[in-house]
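S.K.:
Numbering (the UniProt record's numbering), first residue to last: 1 to 272.
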């Protein structure tokens, strides 16, 4: 795999940061992650828009513009030996003379091998645990993922796959993906304290002709009469959730509406 680091393209294993980088010293950085389908970046315009918005909210000037960045992405994809890859952007506060001030951000773009979800999870659905938490600056894809790392043992002990965040009885998101539920033909998804996922956005577009789509605050109590639930992300696509904590969703099996949206999504990316 190859990567881009501040204007140079080189093998990923040769990319290195200095120890005075604010990403290391202060945990000050952001990232984005997307993938290719049929060798082409998926929803590039939307991903770049989100990356630029995250940078603006963290007061980090972009060291590269959209058109140049796209050219770099295409070159990195071309250097890969795989038919499809993931692309990760990481931008930090850069090297700081006083360990706090941002001078010039450091920008890395790398290709990675894809790690798709096991097929059995789409057939059987997944279990998630609950956590009383909401991410700081949730609309920014920051590099701060310590919460889910600290919960890793609890997730494994519960034989779950992930964690669903809620605060004061209001659901926000999973640790690395968005949340949806179905009540009949109403498709409902939280609209605040979340990262606005690109797969989420895509699925909402796909669903609008067949379902009533609602973006609004979602209460924890609404899980009790939900017919189906699922999560979306670049790696999860449309992944059924059949258990949340001790609560079984619907009949405990992936729902027909969720599987319909998964089929719609697979058709879209198959022709990307």
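Even for Gly, the Cβ is constructed at its ideal location relative to N, Cα and C.
1. Consult DSSP for residue 229 and reduce its assignment to one of helix, strand or coil.
2. If residue 36 sits next to residue 76, beta carbons under 8 Å apart, how far is it from one beta carbon to the other, in whole angstroms?
3. Would you mind reading off the limits of the alpha helix (DSSP H) that contains residue 65?
4. Which residues bound the beta strand (DSSP E) around residue 34?
5. Rounded to the nearest angstrom, what separates residue 46 and residue 219 at their Cα positions?
6. Where does residue 45 fall in DSSP's three states?
7. Check whether the region 141-154 touches the region 24-33, counting contact only when three or more Cβ pairs, one atom from each stretch, lie closer than 8 Å.
8. Per DSSP, residue 163 forms a beta bridge with which residues?
9. Apply the 10 Å Cβ neighbour rule to residue 40 and answer buried if 16 or more other Cβ atoms are within range, or exposed otherwise.
10. Measuring alpha carbon to alpha carbon, tell me which residue in 258, 79, 90 is nearest residue 23.
11. Residues in the same chain with beta-carbon distance under 6 Å from residue 131, minus the five sequence neighbours each way, listed in chain order, please.
12. Can you tell me which of 210, 147, 17 puts its alpha carbon nearest to the alpha carbon of residue 107?
M.R.: On the basis of the coordinates in this document:
1. To locate residue 229, count along the chain shown from 1; it is residue 229. DSSP, reduced to helix, strand and coil, places residue 229 within a strand of the structure shown.
2. As a working mapping, residue 36 is identified with position 36 in the chain shown. As a working mapping, residue 76 is identified with position 76 in the chain shown. Not really, about 10 Å apart at Cβ, beyond 8 Å.
3. One-based indexing of the chain shown puts residue 65 at position 65. Note, residue 65: premise wrong, no alpha helix (DSSP H); not H, not E.
4. Residue numbering aside, residue 34 sits at position 34 when the chain shown is read from its first letter. Looking at the DSSP string, the run of the beta strand (DSSP E) that includes residue 34 is 29-37.
5. If you number the chain shown from 1, residue 46 lands on position 46. If you number the chain shown from 1, residue 219 lands on position 219. Residue 46 and residue 219: Cα-Cα distance of roughly 28 Å.
6. Position 45 of the chain shown, counting from 1, holds the residue named residue 45. Helix, per DSSP.
7. yes
8. Counted from its first residue, the chain shown places residue 163 at position 163. Residue 163 is bridged to 129.
9. Here residue 40 refers to the residue found at position 40 of the chain shown. Exposed, because fewer than 16 other Cβ atoms sit within 10 Å of the Cβ of residue 40.
10. Walking along the chain shown from the start, residue 23 turns up at place 23. The shortest C-alpha separation from residue 23 is found at 90.
11. Working through the chain shown from its first residue, we reach residue 131 at position 131. If we look at residue 131 and ignore the five residues flanking it on each side, its Cβ neighbours are 163, 165.
12. For the purposes of this step, residue 107 is identified with residue 107 of the chain shown, where counting begins at 1. For residue 107, the nearest C-alpha among the options comes from 17.
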